[in-house]
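A.B. asks: Structure in structure tokens, see below.
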Amino acid sequence: MSLPPPIPPPSLATPPKARPTELPIRQIPGSHGWPLLGPLSDRLDYFWFQKPENFFRTRMDKYKSTVFRTNVPPTFPFFTNVNPNIIAVLDCKSFSHLFDMDLVDKKDVLVGDFVPSVEFTGNIRVGVYQDVSEPQHAKAKSFSMNILKQSSSIWVPELISNLDIFLDQIEATLSNSSSVSYFSPLQQFLFTFLSKVLARADPSLDPKIAESGSSMLNKWLAVQLLPTVSVGTIQPLEEIFLHSFSYPYALVSGDYNKLYNFIKQHGKEVIKSGTEFGLSEDEAIHNLLFVLGFNSYGGFSIFLPKLIDSIANGPTGLQEKLRKEAREKGGSTLGFDSLKELELINSVVYETLRMNPPVPLQFGRARKDFQLSSYDSAFNVKKGELLCGFQKLIMRDPVVFDEPEQFKPERFTKEKGAELLNYLYWSNGPQTGSPSGSNKQCAGKDIVTFTAALIVAHLLRRYDLIKGDGSSITALRKAK
Ligand code: HEM
């Protein structure tokens, strides 16, 4: 099957009106339903009766279209200021309109029309919520990309030494038990590692932060995001108590202030670099805390368990192949240079991100009236309408990916695999794209896949066998 041409990056995009389409124009199928009742019924389907993946899939099948109207939570009764109406875009072609900054506005749409209170970020709107047309966006984005650049010399040694502490801990627990739940120690490792590399702040200098920094972040994340995520508690309790209203910032203000003070006191060098990009000291601290706690810690906390599961439960023989590559091609010491040689390991990282994109939903608001196309139809979108992509289905687009439901470790190898990277969108842009101040692609796009590949390589150099899944480890056989 030949691949559809990718939509060019924003800077090269032809203005949509000048982009002729041969496709038949179709009215966008689906509806937002009766006021209040339509959104409420969709919300119950989304969180309770169908769950997100099925929610989008059943509607896609019903309307025989990858583009349709529906509602996403949060909704009625206590979210009166939130408009849940969206246009779902569920194939690679229609979704990629969200990367075209001429077409969509990304102001305050990180998690949809609902915006967690700015109190959670010190009463300032951090860069992630800003559109590219806002001057603060480029400042905050350059700051975050600079943080990564500055940390490049310590990234690998800190990663490996903190990973070893985590693994020693798992091995010790495993010596008296048949299974270890690793989520909490993994988050502890992530918190320490990310604080050190991103903020240059060592949690061990502040005993309260060293002990509870990770759980402080978890609470801060949970209270902001609860109205939009399914946590799997008993229904209808979850709908009544977790999805019907926002929780107040006061619940986590003490923790957030402690994290803020920790960064302010120990992350001086990084904060100063933020002021060089035109941010005030306060803006630099809140942006840094957000990139550390939300983007990086939050993102890796979701992604790494999936990655461990991919290695532990991949197709027969995968671990042996990965082990061979990690040991024979990773060089004497793992580092940035090892990466180029680790083709299968990189491919497994990409395939895990394809099957389980850690940030499943992306939104963008039409900046103007324009024509949006899927493979078979074009649709008129009106200025102000909210587009919503659910990556878990987009990354299984059968036009682009052969056997899209299968985990194929070698999918992203060789020439064809390199071409497919144009359609790997977990970072809110193609894996072949480059984050910048004029787009909204994840600033950590490369460091995320690099770090994940190093973790896989290190695990397979340290162990001959790893057994477990996305939540526990049941066996680790050390390399002889
Ligand atoms: C597994 C880890 C990560 C995942 C899954 C992830 C995913 C994403 C996604 C999907 C977005 C776009 C959100 C949207 O606008 O709709 C994003 C934005 C962003 N990410 Fe990441 N990210 C990760 C790690 C990181 C890291 C390590 C950094 C460190 C600098 C980072 C910095 C950012 C920033 C600054 C933005 C906002 C970009 C902008 O406003 O233009 N992320 N990330």
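Just so we're aligned: the sequence shown equals residues 1 to 480 in full-length UniProt numbering.
Beta carbons are placed, not taken as given, at the ideal position from N, Cα and C, and that holds for glycine.
Owing to the predicted nature of the structure, the values given are computational and were not obtained by experimental measurement.
Is residue 110 closer than 8 Å to residue 198 when the C-beta atoms are compared?
C.D. replies: Taking 8 Å as the Cβ cut-off, residue 198 and residue 110 do not qualify as a contacting pair.
A.B. asks: Taking only the alpha-carbon atoms, compute the straight-line gap between residue 160 and residue 140 and give it to the nearest angstrom.
C.D. replies: Whole-angstrom Cα-Cα distance: 29 Å.
A.B. asks: Buried or exposed, going by whether 16 or more other CB atoms sit within 10 Å of the CB of residue 231?
C.D. replies: Flag for residue 231 reads exposed.
A.B. asks: Can you check DSSP and say which residues form a bridge with residue 467?
C.D. replies: According to DSSP, residue 467 bridges with 475.
A.B. asks: In whole angstroms, what separates the C-alpha of residue 58 from that of residue 339?
C.D. replies: Cα to Cα, residue 58 sits roughly 40 Å from residue 339.
A.B. asks: Any contact between the segment 77-94 and the segment 107-122? By contact I mean 3 or more CB pairs, one from each, below 8 Å.
C.D. replies: These segments touch.
A.B. asks: Can you tell me the Cβ-Cβ gap for residue 166 and residue 189, rounded? I've got them flagged as a contact below 8 Å.
C.D. replies: About 4 Å; that satisfies the 8 Å criterion.
A.B. asks: What is the DSSP secondary structure of residue 524, reduced to helix, strand or coil?
C.D. replies: The first residue shown for the chain is 1 and the last is 480, placing residue 524 beyond what the model contains.
A.B. asks: Tell me whether residue 313 sits in a helix, a strand or coil according to DSSP, three-state version.
C.D. replies: Note: residue 313 maps to coil in three-state DSSP.
A.B. asks: Under 8 Å, do residue 411 and residue 420 count as touching if we go by C-beta distance?
C.D. replies: Yes, they are a contact pair.
A.B. asks: So, is residue 88 buried or exposed, given that buried needs 16 or more other C-beta atoms within 10 angstroms?
C.D. replies: Buried, because 16 or more other Cβ atoms sit within 10 Å of the Cβ of residue 88.
A.B. asks: Would you be able to state if there are at least three C-beta pairs under 8 Å between the segment 204-218 and the segment 171-182?
C.D. replies: No, they do not touch.
A.B. asks: Would you grab the beta carbon distance between residue 93 and residue 375 for me? Rounded to a whole angstrom, and I think it's under 8 Å.
C.D. replies: About 6 Å separates the two Cβ atoms, so the contact holds.
A.B. asks: Beta-carbon within less than 7 Å of residue 469's beta-carbon, same chain only, minus the 5 sequence neighbours each way: which residues are those?
C.D. replies: Once the five neighbours on either side are set aside, the close Cβ partners of residue 469 are 309, 312, 313.
A.B. asks: Straight-line CA distance for residue 304 to residue 226?
C.D. replies: Looking at the two C-alpha atoms, the distance is approximately 21 Å.
A.B. asks: For the pair the segment 62-77 and the segment 364-371, tell me if three or more CB-CB distances fall below 8 Å.
C.D. replies: Flag = no, the segment 62-77 and the segment 364-371 do not touch.
A.B. asks: Figure out for me which residue from 400, 66, 193 has the closest Cα to the Cα of residue 378.
C.D. replies: That would be 66, whose Cα lies nearest to the Cα of residue 378.
A.B. asks: How is the beta strand (DSSP E) around residue 30 delimited, first residue to last?
C.D. replies: No beta strand (DSSP E) holds residue 30; DSSP gives it neither H nor E.
A.B. asks: For a minimum of 4 consecutive residues, which ranges assigned as the alpha helix (DSSP H) are wholly contained in the segment 196-280?
C.D. replies: Segments of the alpha helix (DSSP H) lying fully in the segment 196-280: 207-225, 253-266, 268-276.
A.B. asks: What's the call for residue 233, buried or exposed, on a 16-neighbour Cβ count within 10 Å?
C.D. replies: Classification of residue 233: exposed, given that the 10 Å Cβ count is below 16.
A.B. asks: Tell me the residue span of the beta strand (DSSP E) that contains residue 165.
C.D. replies: That residue, residue 165, is in no beta strand (DSSP E); its alpha helix (DSSP H) goes 152-174.
A.B. asks: Would you decide whether residue 401 is buried or exposed? Buried here means 16 or more other CB atoms lie within 10 Å of its CB.
C.D. replies: Buried is the call here.
A.B. asks: Which residue marks the beginning of the beta strand (DSSP E) containing residue 433, and which one marks its end?
C.D. replies: That residue, residue 433, is in no beta strand (DSSP E); it is neither H nor E in DSSP.
A.B. asks: Given this structure, state the Cα-to-Cα distance separating residue 246 from residue 120, to the nearest angstrom.
C.D. replies: Between residue 246 and residue 120, the C-alpha separation is close to 12 Å.
A.B. asks: If you scan the segment 74-152 from start to end, which runs of the beta strand (DSSP E) of 3 or more residues do you find wholly inside it?
C.D. replies: Fully enclosed beta strand (DSSP E) runs of 3 or longer: 85-89.
A.B. asks: Looking only at DSSP bridge pairs, what is residue 379 linked to?
C.D. replies: According to DSSP, which records beta bridges pairwise, residue 379 is partnered with 372.
A.B. asks: Quick check on the burial criterion: 16 or more other C-beta atoms within 10 angstroms. Buried or exposed for residue 372?
C.D. replies: Residue 372 comes out buried.
A.B. asks: For residue 208, count the other beta carbons within 10 Å of its own beta carbon; 16 or more makes it buried, fewer makes it exposed. Which is it?
C.D. replies: Residue 208 should be labelled exposed.
A.B. asks: Which two residues bound the contiguous beta strand (DSSP E) that contains residue 69?
C.D. replies: 67-71 is the span of the beta strand (DSSP E), which, as asked, contains residue 69.
A.B. asks: By how many angstroms is the C-alpha of residue 51 removed from the C-alpha of residue 155?
C.D. replies: The alpha-carbon atoms of residue 155 and residue 51 are separated by roughly 38 Å.
A.B. asks: With H, G and I counted as helix, E and B as strand and the rest as coil, what does DSSP make of residue 406?
C.D. replies: Looking at residue 406 - three-state DSSP - the assignment turns out to be coil, as it is neither helix nor strand.
A.B. asks: Identify whether residue 366 lies in helix, strand or coil by the three-state DSSP scheme.
C.D. replies: Three-state result, residue 366: strand.
A.B. asks: Can you name, in chain order, every residue of its own chain whose Cβ lies under 7 Å from the Cβ of residue 394, other than the five neighbours on each side?
C.D. replies: The answer, listed in chain order, is 90, 91, 92, 95, 425.
A.B. asks: From residue 389 to residue 317, what does the alpha carbon distance come to, in whole angstroms?
C.D. replies: Approximately 35 Å between the Cα atoms of the pair.
A.B. asks: Alpha carbon to alpha carbon, how far is residue 287 from residue 131? Give it in angstroms, no decimals.
C.D. replies: Computed Cα separation, rounded: 15 Å.
A.B. asks: Around the C-beta of residue 283, are 16 or more other C-beta atoms found within 10 angstroms, so that it is buried, or is it exposed?
C.D. replies: Looking at its Cβ environment, which holds 16 or more other Cβ atoms inside 10 Å, residue 283 is buried.
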